[in-house]
Amino acid sequence: MGRWIEKHSRGLGCLILLAVTLAALMRPVSFREFAHSDQATEFYITAFAGDLRRTLEDRPTRAEIAPLLANLETGTVHFYGRQRNIYWAENQQVYNLWFNHVEGDQGVLDAEFSLRSDGMLYTPLYVGDWSLGYACYQLKGCDLAGAVEQMNAMLDLPSA
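Going by the working numbering, the letters in the sequence shown line up with residues 934 to 1093, in that order.
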């Protein structure tokens, strides 16, 4: 038994490291932890209107976005997988959100993600300049319909 462990210890170590890494990546986290919304001071929200040729945008202050954050922060984010593209149905909307804060004289990106109106979250995956698509997550446990209404109001989109 000792020789077997000695012979296979490197492979076992790699499997244990992989299992621990996957467990850490796949554990549900709060929206606040996912988006670092507690440290963000600058916010930018966009969405396409209708035919994808017109982009609506808003740069709300912390006070203006506070009700939306309070709603989203009641939820948890669960890892779902990876997709090459973001797909949505005709009755769905995709919102792009950026959360930033300032350190010294430089802006720091806290979070960049797309939120589909059904609660799917997408974050871009890159290796250097190569896009690997998106990591997908499911937002659960918050009033998603209320959050969508709040974002629609910020962007002057019609109610869902």
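Glycine residues also receive a C-beta, built at the ideal position from the N, C-alpha and C atoms.
Check, Outcome
"Compare the C-alpha of L1002 against each of R1015, Q1026, A982 and Y977 and name the closest.", "Y977"
"State the CB to CB distance for the pair S970 and F1012, rounded to an integer number of angstroms; the pair is presumed to be in contact (CB under 8 Å).", "S970 to F1012, Cβ: 19 Å. No contact."
"Between H1034, F964, L1030 and I1019, which has its C-alpha nearest T974's C-alpha?", "H1034"
"In the structure shown, what three-state DSSP assignment does N1085 receive?", "helix"
"Skipping 5 residues on each side, what residues in its chain have a beta carbon closer than 6 Å to that of L989?", "A980, A982 and L1088"
"Start and end of the beta strand (DSSP E) containing N1004?", "Note, N1004: premise wrong, no beta strand (DSSP E); alpha helix (DSSP H) at R995 to L1005."
"DSSP three-state label for A1080, please.", "helix"
"Looking at the secondary structure, which residues open and close the alpha helix (DSSP H) in which E966 lies?", "F964 to A968"
"Determine the DSSP secondary structure at R936, reduced to helix, strand or coil.", "helix"
"Report the option in Q972, K940, E939 and R960 whose CA atom is closest to the CA atom of G1040.", "Q972"
"Give me whichever residues DSSP pairs with C1075 in a beta bridge.", "Paired residue(s): none; C1075 is not in a bridge."
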